[in-house]
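Colleague: I'd like to ask you about the structure that follows.
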Amino acid sequence: MISGARELARRLVFRRTEGTVIHSSWARKLASPARPAIRRAFTLIELLTVMAISAILMGLIIVPLVQSFNMTRTAQAFADAQDRARILTERISLEIGNAVGVRSTSGLTRAMVNGVSEKVPQHSMIVQVPGADGALVDIALPYSKVDIIKPAEGDPASIRDGAYIDPNTGLADPTLTAPKGQVMLPVAPGATIVRYSIGLRNPFANYNNPYDGLLMVRNAQQDNLYVLYRSEVNPLETETTGAGERLKYFLEELDGSGQPDLSRPIYDDPGFFTPNRDGSGNIIRNDDRARIIGNWLGIDPVTGASTGTRRAIIQTEVSRYDMIQSVFNLGTREVSYDGNIPRIVSLVQFAPEQMSSDPAEGQVAARQGEETENAAAIAPDVYVTKYGLWDRALIRNWPKGWNPGDVNRNVYNVARGDITSGDGTGFPTGVSIYAYDPDDSPVDFEGGLEVFDISAYEGIVSRAARYPFSQALRGGLSSPKARDAFVPFTYRAGTGKIVTSFSIAEVGDASVNIGAVPNLPTLATSGPGGPMTPQTDSDTGGQFWEARHKPINEKFNKVWADQPGLQPGVHRFIDLRVAEAVDGSFGPLHPNNGFQRAMIVPGSEEVYGPDQLPGPNLGRTVRYTRSTREPGPNQYKINYVDKQEPNNGVRDPITDEFQVDYSVYGFANPPATYDERNFVSAVIQPRFKKGYLQLNSSPTDALPQGDILVSYRFQFNGAAGRARVGSQEDVFAVDYDTRQLINVLLTIRNYPQSTLPNPQGVTLKSTATVRNYIR
Numbered sequence: 001m002i003s004g005a006r007e008l009a010r011r012l013v014f015r016r017t018e019g020t021v022i023h024s025s026w027a028r029k030l031a032s033p034a035r036p037a038i039r040r041a042f043t044l045i046e047l048l049t050v051m052a053i054s055a056i057l058m059g060l061i062i063v064p065l066v067q068s069f070n071m072t073r074t075a076q077a078f079a080d081a082q083d084r085a086r087i088l089t090e091r092i093s094l095e096i097g098n099a100v101g102v103r104s105t106s107g108l109t110r111a112m113v114n115g116v117s118e119k120v121p122q123h124s125m126i127v128q129v130p131g132a133d134g135a136l137v138d139i140a141l142p143y144s145k146v147d148i149i150k151p152a153e154g155d156p157a158s159i160r161d162g163a164y165i166d167p168n169t170g171l172a173d174p175t176l177t178a179p180k181g182q183v184m185l186p187v188a189p190g191a192t193i194v195r196y197s198i199g200l201r202n203p204f205a206n207y208n209n210p211y212d213g214l215l216m217v218r219n220a221q222q223d224n225l226y227v228l229y230r231s232e233v234n235p236l237e238t239e240t241t242g243a244g245e246r247l248k249y250f251l252e253e254l255d256g257s258g259q260p261d262l263s264r265p266i267y268d269d270p271g272f273f274t275p276n277r278d279g280s281g282n283i284i285r286n287d288d289r290a291r292i293i294g295n296w297l298g299i300d301p302v303t304g305a306s307t308g309t310r311r312a313i314i315q316t317e318v319s320r321y322d323m324i325q326s327v328f329n330l331g332t333r334e335v336s337y338d339g340n341i342p343r344i345v346s347l348v349q350f351a352p353e354q355m356s357s358d359p360a361e362g363q364v365a366a367r368q369g370e371e372t373e374n375a376a377a378i379a380p381d382v383y384v385t386k387y388g389l390w391d392r393a394l395i396r397n398w399p400k401g402w403n404p405g406d407v408n409r410n411v412y413n414v415a416r417g418d419i420t421s422g423d424g425t426g427f428p429t430g431v432s433i434y435a436y437d438p439d440d441s442p443v444d445f446e447g448g449l450e451v452f453d454i455s456a457y458e459g460i461v462s463r464a465a466r467y468p469f470s471q472a473l474r475g476g477l478s479s480p481k482a483r484d485a486f487v488p489f490t491y492r493a494g495t496g497k498i499v500t501s502f503s504i505a506e507v508g509d510a511s512v513n514i515g516a517v518p519n520l521p522t523l524a525t526s527g528p529g530g531p532m533t534p535q536t537d538s539d540t541g542g543q544f545w546e547a548r549h550k551p552i553n554e555k556f557n558k559v560w561a562d563q564p565g566l567q568p569g570v571h572r573f574i575d576l577r578v579a580e581a582v583d584g585s586f587g588p589l590h591p592n593n594g595f596q597r598a599m600i601v602p603g604s605e606e607v608y609g610p611d612q613l614p615g616p617n618l619g620r621t622v623r624y625t626r627s628t629r630e631p632g633p634n635q636y637k638i639n640y641v642d643k644q645e646p647n648n649g650v651r652d653p654i655t656d657e658f659q660v661d662y663s664v665y666g667f668a669n670p671p672a673t674y675d676e677r678n679f680v681s682a683v684i685q686p687r688f689k690k691g692y693l694q695l696n697s698s699p700t701d702a703l704p705q706g707d708i709l710v711s712y713r714f715q716f717n718g719a720a721g722r723a724r725v726g727s728q729e730d731v732f733a734v735d736y737d738t739r740q741l742i743n744v745l746l747t748i749r750n751y752p753q754s755t756l757p758n759p760q761g762v763t764l765k766s767t768a769t770v771r772n773y774i775r
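The numbers in this note's numbering rise by one with no breaks, and the one at position 601 of the sequence shown is 601.
What follows is the structure, encoded as structure tokens:
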């Protein structure tokens, strides 16, 4: 045992601990059973190794947790965006479907864009974002707003304490801007409009997108993004300001004296939700623009305090939802700029449906009881497209006989306006009909000769001025090809109708003052000597065309006396082609100075003359009735279109009609042009021409003293007839945007609460139909 202890001591003498040799005396002490043993500590290397392993293990655990968090937030953001997009598109579609209509915004309007007055589309909204240099710039985004016209509903008299009564609660609701209840029938526009538009969540602060780092650096400030607003206002509601009575929600147009006109709101101000700024770029909070924005938001623009009911209600979320998108390179994330202006896209668009070459359907041309010979040549005077509420209409008319393979018959008519120009108030300079010749221009929406100014015509009609048809004719009619193909028309954009007829009262010489009498074709029945029959008229000498034989009775008596071979087929008649109006002018049916295509609209004529029936009303002006047989007292017979003339069996190669040969009736053929001194041309041939108005031709009963006045409508478009060459009838086709169908294209961008800069986007499209619109 002693030897064993010695051996242990010997070994301890030479043992090293922490790099030091232990002395033999210490070894003896260590060997003593009464001394405790020393415990080892971790080395630095061991600690670093453990820390590295722990970091790796933490990374393997935490990174998937963060990624899972981001994926969860992203999925939640996508689901939220999808739900919101679906709800909004359905709600907007429902409101449009229940509306009376949608305001037209197809024109141009003046707006200050980056300090310069520019023409921008009326459906635009101006947004302000940082440019390439960091300063704010203005950008007009098209189709960023829509105004829905609500139908009239409820009882306008249902008011208590100055507020409309809510029929659901029976209480007066000061937030209602119009009566509420069932839609009033027939449907009529109400007092309010609903506007959907984009705008900053806080219009009195700058745009701030702290998430994606595209237009500005990422930051920790509160976001201020563009959101979608829904507003319902009465556009004519006013308030008292320091400047007097002013509109509450819109700026006003100025009247002739330069004062605001409260009856004319400026609906289409693209910057209506963007406050003005001073020269230093600071927002002006105390002008009319700021006041109006404050009224939409229900706040005081200076203090921010609530002032009443908020009209502009945010439809998207108030944070993390952005309704504009900058165009950028997906690889480099560099924004695309046009100079200093970034390219921005509006994520909500309210665009009318585009209709291309919609054929207009002709309506019934003649009704029962208005039959006439050669009725197949009569065309409708009203054409209707599938939808109404037109915007930017381009109307093409291929007239009867049009032949693209014939250089003499390939001209057709195009009605168009120029939306790239404007008069500063948002409306194009005008819509006109152009005679387009494919041989002169490659495209019909630019070339052609102006032949009829539709806008000028409508303007003269609205002012109740004289002779709008004559004043709307243009110089392009001096071209023989344009004149031959000329088919004038107007259109009703709201109802989708093309109207090809005009009143004869719209034709005349504006330089002649005739007072208040209508400028209608008028012809006296008798001269100063009073009514006479062939038996009582002793003055039948001279020539039939002399002035003394101009009255209806006198000419009848002259022809009766000179042409016994025609008896009893002599007629009392009026040739409306050459009948003079009160001002001495002729109508468009004139055989020499009129238009070959012009004809009378069936059933549109009104004939007034002295009463021919014996009794107390004899000689008083009465309205005559139409007959398809030989007319009797107070009756007439009329040709709406040309009838088949006498022929010699030879057909015309173009019209397929028999050529005229009057020799079989004992008369020479009439001259090529109308001659009032040629008996065949002035008396016989008119029987077969449009506008021939035959009256009571009894040789024993003269027409009472008085004047025969004739009112009628005329049209230039024709139907099939017997033409074999070219188109068989007039055809109309229209390119237009219809506000009866509104496409709502909505993209929701939701920035999730995650570490990722990319938003989650959902795009939905719906087509809303205006169902309450009455054509």
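Note that beta-carbon positions come from the ideal geometry of N, C-alpha and C, so glycine has one too.
#1: Give the DSSP-derived three-state secondary structure of alanine 376 in the structure shown.
#2: Can you tell me whether arginine 722 is helix, strand or coil according to DSSP?
#3: When the Cα of glutamine 535 is compared with those of Ala733, Arg84, Asn553 and Gly515, which residue comes out closest?
#4: On the CB-based measure, 16 or more other CB atoms within 10 Å of its CB, does isoleucine 56 come out buried or exposed?
#5: Which same chain residues end up closer than 6 Å to serine 697 when comparing Cβ atoms and leaving out the 5 residues on each side of it in sequence?
#6: What is the DSSP secondary structure of valine 183, reduced to helix, strand or coil?
#7: Hey, could you find the ends of the alpha helix (DSSP H) glutamine 471 is sitting in?
#8: Tell me the residue span of the alpha helix (DSSP H) that contains aspartate 484.
#9: Compare the beta carbon distance of valine 116 and alanine 152 with 9 Å and say whether it is the shorter of the two.
#10: Near leucine 764, which residues of its chain fall below 7 Å by C-beta distance, leaving aside the five closest residues on each side in sequence?
#11: Arginine 577 and asparagine 717 - do their beta-carbons sit closer together than 9 Å?
#12: Which residue or residues does DSSP assign as beta-bridge partners of valine 348?
#13: Buried or exposed: where does leucine 520 fall if 16 or more other Cβ atoms within 10 Å of its Cβ makes it buried?
#14: I'd like to know whether the C-beta atoms of isoleucine 454 and alanine 472 end up nearer to each other than 9 Å.
#15: Using a Cβ-Cβ cutoff of less than 6 Å, which residues in the same chain neighbour glycine 476 once the five nearest sequence positions on both sides are dropped?
#16: Counting Cβ pairs closer than 8 Å, one from the region 708-717 and one from the region 315-335, do we hit at least three?
#17: Answer yes if the region 93-102 comes into contact with the region 239-257, meaning at least three C-beta pairs across the two stretches below 8 Å, and no otherwise.
#18: Please work out which residues of its chain come closer than 6 Å, Cβ to Cβ, to threonine 175, disregarding the five sequence neighbours upstream and downstream, and give them in chain order.
#19: Would isoleucine 193 be called buried (16 or more neighbouring beta carbons within 10 Å of its own) or exposed?
#20: Where do the N-terminal and C-terminal ends of the beta strand (DSSP E) with alanine 111 fall, by residue?
#21: When the Cα of valine 233 is compared with those of Asp255, Ile293, Leu200 and Gly213, which residue comes out closest?
#22: What's the gap between the Cα of valine 183 and the Cα of aspartate 155?
#23: For glycine 494 and serine 585, which I take to be in contact (beta-carbon distance under 8 Å), what is that distance rounded to the nearest angstrom?
#24: In terms of residues, what are the limits of the alpha helix (DSSP H) holding phenylalanine 556?
#25: Which two residues bound the contiguous beta strand (DSSP E) that contains aspartate 223?
#26: Kindly give me the distance between the Cβ atoms of asparagine 224 and tyrosine 207, rounded to whole angstroms, as I take these residues to be in contact under 8 Å.
#27: With DSSP collapsed to three states, give me the class of aspartate 735.
#28: Spatial neighbours of valine 137 within its chain, please: C-beta separation below 8 Å, excluding the five flanking residues on both sides.
#29: Exposed or buried, what is alanine 41 when buried is set at 16 or more other beta-carbons lying within 10 Å of its beta-carbon?
#30: Taking just the CA atoms, how far does arginine 291 sit from serine 231?
#31: From glutamate 630 to proline 704, what distance separates their C-alpha atoms?
#32: Could you tell me whether the region 616-631 touches the region 727-745, using the rule of 3 or more Cβ pairs below 8 Å?
#33: Can you tell me whether valine 407 sits near the ligand MN, meaning its C-beta is under 8 Å from at least one heavy atom of the ligand?
#34: Span of the beta strand (DSSP E) holding glutamate 245?
#35: Taking aspartate 776 and arginine 195 to be in contact with their CB atoms under 8 Å, please state how far apart those CB atoms are, rounded to whole angstroms.
#36: Distance check for threonine 738 and glutamate 334, CA to CA, integer angstroms please.
Modeller: Put simply:
#1: Three-state DSSP puts alanine 376 in a helix.
#2: Low confidence applies to arginine 722: its pLDDT is 49, below 50, so where it sits in the model is not reliable enough to give any reading.
#3: Closest by alpha carbon: Asn553.
#4: It is exposed - the Cβ of isoleucine 56 has fewer than 16 other Cβ atoms within 10 Å.
#5: Same-chain partners within the cutoff: His571 and Arg572.
#6: In the structure shown, the three-state DSSP call for valine 183 is strand.
#7: For glutamine 471, the enclosing alpha helix (DSSP H) starts and ends at 468-472.
#8: Here the alpha helix (DSSP H) through aspartate 484 covers 480-484.
#9: Against a cut-off of 9 Å, the Cβ pair of alanine 152 and valine 116 comes out as no contact.
#10: Here leucine 764 has Ala85, Arg86, Thr89 and Leu746 as same chain residues with Cβ atoms under 7 Å from its own Cβ, once five neighbours each way along the sequence are excluded.
#11: In this structure, arginine 577 does not lie closer than 9 Å to asparagine 717 by Cβ.
#12: DSSP output for valine 348 lists Leu746 as bridge partner(s).
#13: Flag for leucine 520 reads buried.
#14: At a Cβ-Cβ threshold of 9 Å, isoleucine 454 and alanine 472 count as neighbours.
#15: So the list reads Ala435, Leu449, Glu450, Val451 and Ala482, once near-sequence residues are dropped.
#16: No: fewer than three Cβ pairs fall under 8 Å.
#17: No contact exists between the region 239-257 and the region 93-102.
#18: Excluding residues within five positions, the ones whose Cβ falls inside 6 Å are Thr309.
#19: The residue is buried, with at least 16 neighbouring Cβ atoms inside 10 Å.
#20: DSSP places alanine 111 in the uninterrupted beta strand (DSSP E) bounded by 108-113.
#21: Measuring from the Cα of valine 233, the nearest candidate turns out to be Ile293.
#22: So the two alpha carbons sit approximately 10 Å from each other.
#23: Contact flag wrong, Cβ pair sits at about 33 Å.
#24: From DSSP, the alpha helix (DSSP H) with phenylalanine 556 extends over 552-562.
#25: Note, aspartate 223: premise wrong, no beta strand (DSSP E); not H, not E.
#26: Indeed, because the Cβ distance is near 6 Å, the residues count as touching under 8 Å.
#27: Strand at aspartate 735.
#28: Counting only residues of its own chain and dropping the five nearest sequence neighbours on each side, valine 137 has a CB closer than 8 Å to the CB of Asn114, Gln128, Val129, Pro130, Gly131, Asn340, Ile341 and Pro342.
#29: Around the Cβ of alanine 41, a 10 Å sphere holds fewer than 16 other Cβ atoms; the residue is exposed.
#30: Answer to the nearest angstrom: the Cα atoms are 16 Å apart.
#31: As the crow flies, the alpha-carbon of glutamate 630 is around 19 Å from that of proline 704.
#32: Touching, no.
#33: Ligands displayed in this structure: none; no statement on the ligand MN is therefore possible.
#34: Residue range 244-247 is occupied by the beta strand (DSSP E) that includes glutamate 245.
#35: The first residue shown for the chain is 1 and the last is 775, placing residue 776 beyond what the model contains.
#36: Going by the C-alpha atoms only, they are around 38 Å apart.
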